[in-house]
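Just so we're aligned, residue 784 is where the sequence shown starts under my numbering, counting upward by one. Here a beta-carbon is modelled for each residue, glycine too, at the ideal position from N, C-alpha and C. Predicted, not measured: the structure shown is a model, and the values here were computed from it. Heads up, the thing below is written out as structure tokens.
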Amino acid sequence: MTSPGEPSGDPSQHTSAVETAVRQIEETADQLVADFDSLVQEFADNAVWLSPVIGAAAVWVLQETLDEIRVELNAVLDIAGEVLAHYTPVISLINISFHWLTAVKQPVSGMVPMIQQYATENLAYWEGGTASHYKQQIVPPQAGAAGELSAKAGFISEWLYGIAQANVEYVTKLSEVIGTIAGDVAQAAVKAGTIIDIPWAISDLASIVKTLVKTEMDNLAGIGQRIVEAGENVRQIVSDRVDESKFPGGDWPQAVRD
């Protein structure tokens, strides 16, 4: 049985979420770049025709606006590039967090009732000093140590999964952000297909992108801070690992060693 903070379900359910988001980021980012380049080219091709209509100064302002939009988009695309280049460790974190449960916690926790059982029913009638020593000094510490090891495995699994979960949330959110921005850029590129609408397409896109990028970058920064805090909290892991209250001398439980 897992605690509330431990991973649940199947690891593929979580890793597939990352892989899907990464694939969407890659595809959507490529389309975003293509549509923005199309908008820029449309403006460049028609700038000479726009000057007599809206004035050279206005055309210059539109060019500056496009440059500002490019800066905002590049900020998001730079993050996307980092995610695409380094998402594999997130997959590993998810798999390892589940591995701690299935390879350590589950089998070790199953030892606790086994340690407390007699090998044969005849041992229930075992008496004397040796029997007392075994029942009081051997069985309880061994059962306690196995239980403690199981708890430590669950704790480490939960810690790893917490980091992985925040990473999954980060990648998924980034996928949504890029998808939204890409949709706005695509609409602007279509609108710019009509010369007279080019100024409005660029102006509207600048307003949308600036606000959206600022808001969503703050959201991503918040998730990123959680990842950093969880990653830096290694002290908890070290503290748990060096706790020898149920591991005299730092030794593993005899049942585990055997």
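Inset, instruction - Can you tell me which of the three DSSP states Tyr-870 falls into? - result: coil
Legend entry - Selection from Ile-946, Ala-1004, Asp-818 and Gly-937 that minimises the alpha carbon distance to Ile-852: Asp-818
Legend entry - Buried versus exposed call for Glu-1012 [16 or more other C-beta atoms within 10 Å across all chains shown]: exposed
Legend entry - Proximity winner among Leu-876, Ala-934 and Asp-980, relative to Trp-832 (alpha-carbon distances): Asp-980
Inset, instruction - Consider the Cβ of Val-854: report whether some Cβ of chain D lies at a distance smaller than 8 Å. - result: Although the question refers to chain D, the structure presented lacks it and comprises just one protein chain.
Legend entry - Nearest candidate by alpha-carbon position, reference Ile-808, set Asp-793, Ile-837 and Val-866: Val-866
Legend entry - Residues near Gln-814 by beta carbon distance below 8 Å, same chain, minus five either side: Ala-965 and Ala-969
Inset, instruction - Could you say if the region 942-958 and the region 866-877 meet the contact criterion of at least three C-beta pairs nearer than 8 Å? - result: yes
Inset, instruction - Determine the extent of the alpha helix (DSSP H) in which Leu-884 is found, giving its start and end residues. - result: No alpha helix (DSSP H) holds Leu-884; DSSP gives it neither H nor E.
Legend entry - Residue burial classification, Pro-835 (beta-carbon count within 10 angstroms, cutoff 16): exposed
Legend entry - For Leu-957, the nearest candidate out of Lys-974, Thr-977, Pro-982 and Ala-800 (CA to CA): Ala-800
Legend entry - Whole-angstrom distance between Thr-848 and Ile-961, CA atom to CA atom: 20 Å
Inset, instruction - On a CA-only basis, which of Ala-989, His-797 and Leu-884 is nearest Lys-935? Give me that one, please. - result: Leu-884
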